[in-house]
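Chains as they are written, first to last, in my numbering: chain A, 162 to 304; chain B, 1339 to 1477.
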Amino acid sequence: MGSQFDLITPVVILGILMLLVVGLQQFMQTSSAETRFINRNQAEIGIAMQVMQEELKGLTSVIAINDSVFRYTTATNDTVRVFRLSARLAVLRNGDTLFYDVGLTDIQFNLISDSGEAPFFLRLRLDAENAATQREFYLRNLE
Amino acid sequence: MSSGQVFLALGAIILFSFTALNVNRTYISALEEAILIQSELDAVQYGQTLSEEVSSNRANYATLETIYANLGDVSNSATRRVFVTPALDTLYATIQVAAEAETLYDVMGKIVTVTVFSRQETGDFRMRATYSVPIIQPD
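Structure follows, in structure tokens:
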């Protein structure tokens, strides 16, 4: 009985150890994938803000704004509509649509003005699965 | 249990403890990194928001110092701006207006410096982003 126990103990220990090592490896892989996903989300949401900064430079008047859609005209008389289409930031300009696949889960627009007059700001909030950010843009040409 | 088996069991436990600690450390470090990047992203966005606000005050060139008076000391709650980010992190900012001087564009103006800080666990403030916004003297 004693010798049987002695024989089986190292095998059991080795088995448990192997199970633990495989489990840890699995956990590490999941964690690493999650981290990469979070980092990508954060980078993409930053890119989306830069895209909006460029897009808003030419804004001269606001046509319509609600929680998730922003329509405006530019100095070159383009009509632009910005909205979220599934996980993408969509910028529709005179019928042409540019899609930025930035993993959005939500987009919110708010037009802000202290006095109801210029200066006007656009508060933009972007949410992704693992990141969220908010910024206000000064709408220089909006009076 | 023979002494060989005892050593084997001890070795296994030590090896596992070492591996588990390292995995834990790596996981925490990755999580910290993700939080840090989110914090950097928020600090940059908040700094840009404040820069946009400063830019919107070009019409108030003469009174910039008054508008942003007493916003130069981050350690004092009365002399700083506070913003809670979408990730529920709290950021602090100071805004300082320099005296009128020749700006980057070789014209007279005022440089407004926006600095964003976060607060560390020790209570110290850590600078996260800084922006220099030149406000050109109106014609």
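We treat Cβ as the ideally placed atom computed from N, Cα and C, and that holds for glycine.
What you are looking at is a predicted structure, and each value in this text was computed from that prediction instead of being measured.
Item, Value
"Mind checking the region 1348-1370 of chain B against chain A and listing, in chain order, the residues whose C-beta falls within less than 8 angstroms of any C-beta there?", "Ala1350, Leu1353, Phe1354, Thr1357, Ala1358, Val1361, Thr1364, Tyr1365, Ala1368, Leu1369"
"A:Gly219 to A:Asp239, Cα distance in whole Å?", "9 angstroms"
"Please list, in chain order, all residues of the same chain as B:Pro1476 whose beta carbon is under 6 angstroms from its beta carbon, the five residues on each side excluded.", "Tyr1399"
"Three-state secondary structure (DSSP) at A:Leu181?", "helix"
"Hey, is the region 202-214 of chain A in contact with the region 269-287 of chain A, meaning 3+ C-beta pairs nearer than 8 angstroms?", "yes"
"If we define contact as Cβ-Cβ less than 9 angstroms, is A:Thr221 a contact residue for chain B?", "no"
"Using a Cβ-Cβ distance cut-off of 9 angstroms, determine whether A:Val243 contacts chain B.", "no"
"With distances taken from CA atoms, which of A:Arg232, A:Asp228, A:Asn227 is nearest A:Thr221?", "A:Arg232"
"May I ask you to report which of helix, strand or coil DSSP gives A:Asn255?", "coil"
"Are the beta-carbon atoms belonging to B:Tyr1443 and B:Ile1473 less than 9 angstroms from one another?", "no"
"May I ask you to list, following chain order, the residues of the region 1375-1389 of chain B that have a beta carbon less than 7 angstroms from some beta carbon of chain A?", "Ile1375, Gln1376, Leu1379, Asp1380, Gln1383, Gln1386, Thr1387"
"Measuring CA to CA, which of B:Ser1355, B:Val1471, B:Val1452, B:Val1361 is closest to B:Leu1409?", "B:Val1452"
"Listing by chain order, which chain A residues have their CB less than 7 angstroms from the CB of B:Ser1393?", "Tyr299"
"Using the Cβ count rule (16 or more neighbours within 10 Å means buried), how would you classify B:Met1465?", "exposed"
"Pick from B:Asp1380, B:Arg1418, B:Asn1414: whose alpha carbon is nearest that of B:Ile1405?", "B:Arg1418"
"Indicate whether at least one CB of chain A lies closer than 9 angstroms to the CB of B:Ser1340.", "yes"
"If you measure between the beta carbons of A:Phe324 and A:Leu300, is that distance less than 9 angstroms?", "Absent from the model: residue 324 of chain A. The displayed extent of chain A is 162 to 304, so no value can be given."
"Name the residue from A:Leu259, A:Asn202, A:Ser274 whose alpha carbon lies nearest to the alpha carbon of A:Asp267.", "A:Asn202"
"Using the C-alpha atoms, what's the distance from A:Thr196 back to A:Val263?", "16 angstroms"
"Starting from B:Asp1380, trace the alpha helix (DSSP H) in both directions and tell me its first and last residue.", "1341-1393"
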